[in-house]
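To keep things clear, I will list the structure first and then write my remarks on it.
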Amino acid sequence: MTNQIFYQEENMSLKTEYENQQQYRKWSLIVNKLPIKSDYVVAELGCGTGAFAEILSKKVKEVIAIDLNQNLLEILENKKIDNITILQKDISDLSYIPKEIDGIFSSFAIAYFPNKMEQILKNWFDKLKNDGWIAIIEIDDLLRGHTPLSKETLNKLAVFEDEAKNDGIYDFRAGRKISPILKNLGMEILLDEDLEDSELTSSGIISDEICIMWENRLNRLSFDKFFQKDEIEAIKSDFLSLLKSTKHINQTKVKFIIAKKS
116 MTNQIFYQEE NMSLKTEYEN QQQYRKWSLI VNKLPIKSDY VVAELGCGTG
166 AFAEILSKKV KEVIAIDLNQ NLLEILENKK IDNITILQKD ISDLSYIPKE
216 IDGIFSSFAI AYFPNKMEQI LKNWFDKLKN DGWIAIIEID DLLRGHTPLS
266 KETLNKLAVF EDEAKNDGIY DFRAGRKISP ILKNLGMEIL LDEDLEDSEL
316 TSSGIISDEI CIMWENRLNR LSFDKFFQKD EIEAIKSDFL SLLKSTKHIN
366 QTKVKFIIAK KS
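Going from the sequence shown to the working numbering is simple: count from 1 and add 115.
Right under this line is the structure:
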């Protein structure tokens, strides 16, 4: 799931980046925590390249895999998995799905709807059967969760994050907001935990491979809408240097919430 205003990227580099990230996602462990049965129909919203949809398809009757990015969907399409229905659609409104479904899974997607999160989760809720479930994985404090950064860098990151949220582009602190919204919908929280993720939540000295992934991520962020070139370079230098420091403490959370419709 991506936003072309927020990110500056070429489709091919994005596809490669998504594929590289999959090795850090513990999808097999995650799928075993879902309340699934073999006759279930489950939608994955913002499925990207379909790594999780492929694993999920072995556990349920049908997976409806949905994403707006056709370049990412091509990877899943080429696998030609019989019980995966692939749709290039907006995940904010599921009215194009003609039936109620048993479950919804979404990872790293709802943060792209910062000003519509409550309504979108209500839309998802409405598509569920009674006793259906929603499972969401989302980041909380992706950038400023890393400490210690300089005061100047923290201030600039705060400006960037606030502008991204106010413009309806991305919420860097979406993770903490999901469970309260689902509770307000009358859902029962079955699971609310923090996942370990060596790419996103590790502290201390980070591997060269993950540092390169972070450098690519920072290069994609549209800092140039808010800061001068020298300011951007200072932000990147401060952040990337921290990733190679023994003093690096990462308080970023990867939240995993499962809630049932009563």
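Here a beta-carbon is modelled for each residue, glycine too, at the ideal position from N, C-alpha and C. All values derive from a computational prediction rather than experimental measurement.
With contacts defined by Cβ atoms closer than 8 Å, Ile181 and Lys204 form a contacting pair.
With fewer than 16 other CB atoms across the displayed protein chains lying within 10 angstroms of its CB, Tyr211 is exposed. Bridge pairing for Asp154: absent [DSSP]. Sequence-distant partners of Val274 (beyond 5 residues in either direction) whose C-beta falls short of 7 Å from its own C-beta, in its chain, are Phe341. Apart from the 5 residues on each side of it in sequence, Lys237 sits with its Cβ closer than 8 Å to the Cβ of Leu300 in its chain, given in chain order. Contact check for Ile216 against Ile225 fails: the beta carbons are separated by 8 Å or more.
One alpha carbon belongs to Lys194, the other to Leu188, and they sit about 10 Å apart. Leaving aside the five residues that flank Leu202 on each side, the residues in its chain whose CB is nearer than 6 Å to its CB run, in chain order, Ile181. In this structure Ile206 does not touch Leu171 by the C-beta definition: roughly 16 Å separates them, more than the 8 Å allowed. For Val146, the uninterrupted alpha helix (DSSP H) segment begins and ends at 142-146. Assignment of Gln234 by DSSP, reduced to helix, strand and coil, places it in the helix class. Here Leu243 is not near Arg259, since their CB atoms are 8 Å or more apart.
Segment contact: the region 348-364 against the region 322-337, three or more CB-CB distances shorter than 8 Å; contact assigned. Non-local C-beta neighbours of Lys362 in its own chain, meaning closer than 7 Å and more than five positions away in sequence, comprise Pro263, ordered along the chain.
Closest in alpha carbon position to Asp256, among Leu305, Asp309, Ile304, is Asp309. Of the other Cβ atoms in all chains shown, fewer than 16 fall within 10 Å of the Cβ of Ile364; this residue is therefore exposed. Of Arg291, Leu183, Ile347, the smallest CA-CA separation from Asn270 is found for Ile347. Bounds of any alpha helix (DSSP H) do not take in Ser221; it lies within the beta strand (DSSP E) bounded by 216-222. With a cutoff of 8 Å on beta-carbon distance, Ile151 and Lys173 are scored as not near each other. Inside the region 243-299, DSSP marks whole beta strand (DSSP E) runs of 3 or more residues at positions 243-255, from first to last along the chain. Scanning its chain for C-beta atoms nearer than 7 Å, with the 5 sequence neighbours on each side dropped, one finds around Gly319 the residues Thr361, His363, in chain order. A check of alpha carbon separations from Glu134 across Ala158, Val157, Phe167 identifies Phe167 as the nearest.
Annotation for Ala180: the continuous beta strand (DSSP E) segment containing it runs 177-182. According to DSSP, residue pairing for Asp307 in a beta bridge involves Ile372.
Judged by DSSP secondary structure, Ile190 falls within the alpha helix (DSSP H) whose first and last residues are 185-192.
Per DSSP, Leu202 is one residue of the beta strand (DSSP E) stretching across 199-203.
Within its own chain, the residues whose Cβ lies closer than 7 Å to the Cβ of Phe338, once the five positions on either side in sequence are excluded, are Phe275, Ile347, Ile350, listed in chain order. Each of Trp142, Leu149, Ile179, Gly165 was checked against the Cα of Val156, and the nearest Cα belongs to Ile179.
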